[in-house]
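>
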Amino acid sequence: MSSKLFEPLAIGPMTLTNRITIAAMCQYSAIDGSMTDWHLQHLGNLSLSGAAMLVIEATGVTPEGRITHGCTGLYSDANETAMKRVVDFVRSVSPIRIGVQLSHAGRKASAERPWEGRGPLNGESAWETVAPSAIPLAPGWPMPVALNRAGMDRVRDGFVASAQRALRMELDFVELHSTHGYLISEFLSPLANKRTDEYGGSLENRMRFPLEIARAVREVWPRQRAMGSKISGTDFAEGGWTPDDAVAYARELKRVGCDYVTVSGGGVVLDAKVPTGPGYQVPYAERVRRDAGLATGSVGLISDPHQAEEIVASGKADYVSLARGMLFDPRWPWHAAVTLGADVKYPPQYERAHPKAWPPGRQVKSS
Ligand SMILES: Cc1cc2nc3c(=O)[nH]c(=O)nc-3n(C[C@H](O)[C@H](O)[C@H](O)COP(=O)(O)O)c2cc1C
């Protein structure tokens, strides 16, 4: 049986050994933006999964660009040293491609960790948030400050400086977070961006600042390393970002030198109607892949190996991106390989667990 899911994939200058990637997942376990031992075990563990690519969680490019006090940052030497320790560790145990998702949380910053309620911080622990327009995320959330040009420069420069830190760590790729209602997607979405200057109004205007950031990062991020973005296929809300907008944005990202996009969606408004179900965002990836013509991944409730195989074999996406499924089963790619009759390389220390090494009658069952 041949499996497309386990075929290599070239993403710009980066070659993946298969088409299974691990999505960025915030761990809310950093201290002052610096990774801790939790990240060592979390990313170390996932790096042994058999997936080809591992995206480090949404990482604030400025302190106020973090979502919570527990989010990682890449705005200080201490942050860089702490992340480098984790990246070096991952590299010492796994050949996985590893990169970081650079992010600014915009009006969704200054929030509680999920297990503390997810709501806005209050009192001394809160900080002032920024956004394209002074519109709160939802009732009860603080009024963000609408960014002026100086503030936008600071954000853009934060992305650039963080990319330079990522380069010093020799990460394989950087990914710009442009979905889920964080700052870049706030600029893109007509629901959060009500500006009347050249950064608001038309799609071209709303894309202007995100593309300024992408261009500035590309200038310092060498062509020999991949750059990508996680984008929205839709806001899932009336009057919001559409699949046509996603195609236009992906085309522009490609033009400024992006090598891949992972298509997600939602998050700009809290009352969006998201029709969650297996592979619910696949059609958006399919559209972007077909009409923008750059390496495209699909994310969102992909958890069954046959489903993942169908997505890539039918050309709906070039790769799949898994988040919760990978936390639930950190050996998902091993199990998918058994199910699909494919092979995946195990670390030599674990080779005796490979189905081929099991004695007859003790074969691992596929799901
Ligand atoms: C614990 C957790 C943390 C997440 N953090 C991020 C993040 O840092 N950046 C991001 O783009 N998406 C984040 N997401 C969303 C996932 O990357 C993914 O887009 C979403 O969960 C859908 O994929 P899934 O159904 O495979 O979980 C997070 C999801 C989970 C479960």
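Per my numbering, the sequence shown runs over residues 15 to 381. We put the CB at the ideal spot given by N, CA and C, even for glycine. Keep in mind that this is a model prediction, so the values were computed, not measured.
How about aspartate 273 and phenylalanine 187: do their beta carbons lie closer than 9 Å?
Within the sequence shown, residue 273 is the residue found at index 259, counting from 1. Within the sequence shown, residue 187 is the residue found at index 173, counting from 1. Yes; because the gap between Cβ atoms is below 9 Å, this pair is in contact.
> Does the pairing of the stretch 213–231 with the stretch 297–304 give three or more beta-carbon distances under 8 Å?
Taking a contact to require three or more Cβ pairs closer than 8 Å, the stretch 213–231 and the stretch 297–304 do not qualify as touching.
> Should glutamate 142 be counted as a contact of ligand 1 given a C-beta to heavy atom distance under 8 Å?
Numbered from its first residue, the sequence shown carries residue 142 at position 128. Result no, Cβ not under 8 Å from ligand 1.
> Go ahead and label arginine 80 buried or exposed: buried means 16 or more other beta carbons lie within 10 angstroms of its beta carbon, across all protein chains shown.
If you number the sequence shown from 1, residue 80 lands on position 66. So arginine 80 counts as buried.
> Can you tell which of Ala65, Ala125 and Asn93 has its C-alpha closest to the C-alpha of histidine 83?
As a first step, residue 83 is located in the sequence shown; it is residue number 69 there, counting from the start. Nearest option by C-alpha distance: Ala125.
> With respect to the alpha helix (DSSP H) encompassing arginine 303, which residues constitute its N-terminal and C-terminal limits?
For the purposes of this step, residue 303 is taken as the residue at position 289 of the sequence shown. Secondary structure note for arginine 303: its alpha helix (DSSP H) is the uninterrupted segment 296–306.
> Is valine 313 near ligand 1, with its Cβ less than 8 Å from a heavy atom?
Position 299 of the sequence shown holds residue 313. Within the cutoff, so yes.
> May I ask you to report which of helix, strand or coil DSSP gives histidine 53?
The sequence position of residue 53 within the sequence shown is 39, counting from 1. Helix at histidine 53.
> Cβ of lysine 10 within 9 Å of Cβ of glycine 281?
Since the first residue shown for the chain is 15 and the last is 381, residue 10 is missing from the structure and cannot be characterised.
> Out of curiosity, what's the CA-to-CA distance linking alanine 72 and valine 352?
Sequence index remark: in the sequence shown, residue 72 carries index 58 (1-based). Sequence index remark: in the sequence shown, residue 352 carries index 338 (1-based). Their backbone Cα atoms lie some 32 Å apart in a straight line.
> Count the CB pairs spanning the stretch 190–200 and the stretch 239–246 that are closer than 8 Å, and state whether there are at least three.
yes
> Reducing DSSP to helix, strand and coil, say where leucine 217 ends up.
Taking the sequence shown and counting its residues from 1, one reaches residue 217 at position 203. DSSP places leucine 217 in helix when its eight states are reduced to three.
> Count the other C-beta atoms from every protein chain shown that fall within 10 angstroms of the C-beta of phenylalanine 223, then say buried if there are 16 or more, exposed otherwise.
In the sequence shown, counting from the first residue as 1, residue 223 sits at position 209. Per the 10 Å Cβ criterion, buried.
> Excluding sequence positions up to five away, which residues of its chain have a Cβ less than 6 Å from the Cβ of alanine 337?
Position 323 of the sequence shown, counted from the start, is the residue given in the question as residue 337. So the qualifying residues of the chain are Ala37 and Met39.
> For serine 117, does the three-state DSSP call read helix, strand or coil?
On the sequence shown, position 103 is the one that residue 117 refers to. Strand, per DSSP.
> If you reduce the DSSP assignment to three classes, tell me which class alanine 123 lands in.
Along the sequence shown, one-based indexing puts residue 123 at 109. In the structure shown, alanine 123 sits in coil (DSSP, three-state: anything other than H, G, I, E or B).
> Quick check on DSSP: helix, strand or coil for isoleucine 34?
Here residue 34 is taken as the residue at index 20 of the sequence shown, counted from 1. Strand at isoleucine 34.
> Taking C-alpha atoms, which residue in Leu205, Gly133 and Glu138 lies nearest to glycine 253?
Taking the sequence shown and counting its residues from 1, one reaches residue 253 at position 239. Among Leu205, Gly133 and Glu138, the Cα nearest to that of glycine 253 belongs to Leu205.
> Which one of Val101, Pro146, Phe250 and Trp235 has the shortest CA to CA distance from leucine 6?
There is no way to answer for residue 6, as the model of the chain reaches only from 15 to 381.
> Answer yes or no: the CB of cysteine 272 versus the heavy atoms of ligand 1, is any distance below 8 Å?
Numbered from 1 along the sequence shown, position 258 holds the residue referred to as residue 272. No - ligand 1 has no heavy atom lying nearer than 8 Å to the Cβ of cysteine 272.
> What does DSSP give as the partner residues of phenylalanine 187 in its beta bridges?
One-based indexing of the sequence shown puts residue 187 at position 173. According to DSSP, which records beta bridges pairwise, phenylalanine 187 is partnered with Gly113 and Ala240.
> Spell out a yes or no on whether the stretch 91–101 and the stretch 135–153 are touching, meaning 3 or more CB-CB pairs, one atom from each, closer than 8 Å.
no
> Taking the alpha-carbon positions, what's the glycine 64 to glycine 375 distance?
Walking along the sequence shown from the start, residue 64 turns up at place 50. Walking along the sequence shown from the start, residue 375 turns up at place 361. Cα to Cα, glycine 64 sits roughly 25 Å from glycine 375.
> Assign proline 146 to one of three DSSP states: helix, strand, or coil.
The count along the sequence shown starts at 1 and reaches residue 146 at position 132. Shown here, proline 146 sits in coil according to DSSP, grouped into three states, outside any helix or strand.
> Could you name the residues of the same chain whose beta carbon sits closer than 7 Å to that of phenylalanine 250, not counting the 5 residues immediately before and after it, in chain order?
Along the sequence shown, one-based indexing puts residue 250 at 236. Correct list, in chain order: Gly279, Gly280, Ala286, Lys287 and Val288.
> I'd like to confirm something about methionine 39: is its beta-carbon nearer than 8 Å to some heavy atom of ligand 1, or not?
Working through the sequence shown from its first residue, we reach residue 39 at position 25. Correct: methionine 39 has its Cβ closer than 8 Å to ligand 1.
> Indicate the three-state DSSP secondary structure (helix, strand or coil) for isoleucine 81 in the structure shown.
The residue you call residue 81 lines up with position 67 of the sequence shown. Three-state result, isoleucine 81: coil.
> If you follow the beta strand (DSSP E) that tyrosine 274 is in, where does it begin and where does it stop?
Counting from 1 along the sequence shown, the entry for residue 274 is found at position 260. First-last of the beta strand (DSSP E) with tyrosine 274: 274–278.
> Under a Cβ-count criterion, where at least 16 other Cβ atoms within 10 Å of its own Cβ denotes burial, should alanine 164 be classed as buried or exposed?
Position 150 of the sequence shown, counted from the first residue, corresponds to residue 164. Exposed: under 16 other Cβ atoms inside 10 Å.
> So, is valine 334 buried or exposed, given that buried needs 16 or more other C-beta atoms within 10 angstroms?
In the sequence shown, residue 334 corresponds to position 320, counting from 1. When all chains shown are included, valine 334 counts as buried.
> Quick check: threonine 86 and isoleucine 70, are their CB atoms within less than 9 Å of each other?
One-based indexing of the sequence shown puts residue 86 at position 72. One-based indexing of the sequence shown puts residue 70 at position 56. Going by beta carbons, threonine 86 and isoleucine 70 fall inside the 9 Å limit.
> At which residue ranges does the stretch 284–358 contain complete alpha helix (DSSP H) runs of 4 or more residues, listed in the order of the chain?
296–306, 319–327, 338–342 and 346–354
> Can you give the Cα-Cα distance for alanine 119 and threonine 76, rounded to whole angstroms?
Reading the sequence shown from its first residue, position 105 is the one you call residue 119. Reading the sequence shown from its first residue, position 62 is the one you call residue 76. If I take the Cα positions, the gap works out to 10 Å.
> With a threshold of 8 Å (Cβ to nearest heavy atom), would glutamate 218 be considered close to ligand 1?
In the sequence shown, residue 218 corresponds to position 204, counting from 1. False, no ligand heavy atom lies under 8 Å from that Cβ.
> From alanine 262 to histidine 368, what does the alpha carbon distance come to, in whole angstroms?
Locating residue 262 in the sequence shown gives position 248, counting from the first residue. Locating residue 368 in the sequence shown gives position 354, counting from the first residue. Each residue's Cα considered, the two are about 44 Å apart.
> Report the CB separation of proline 132 from methionine 28 in whole angstroms; it is logged as a contact under 8 Å.
The residue given as residue 132 occupies position 118 in the sequence shown. The residue given as residue 28 occupies position 14 in the sequence shown. In the sequence on display, residue 132 carries arginine and not proline. The pair is not a contact, with the Cβ atoms about 34 Å apart (cut-off 8 Å).
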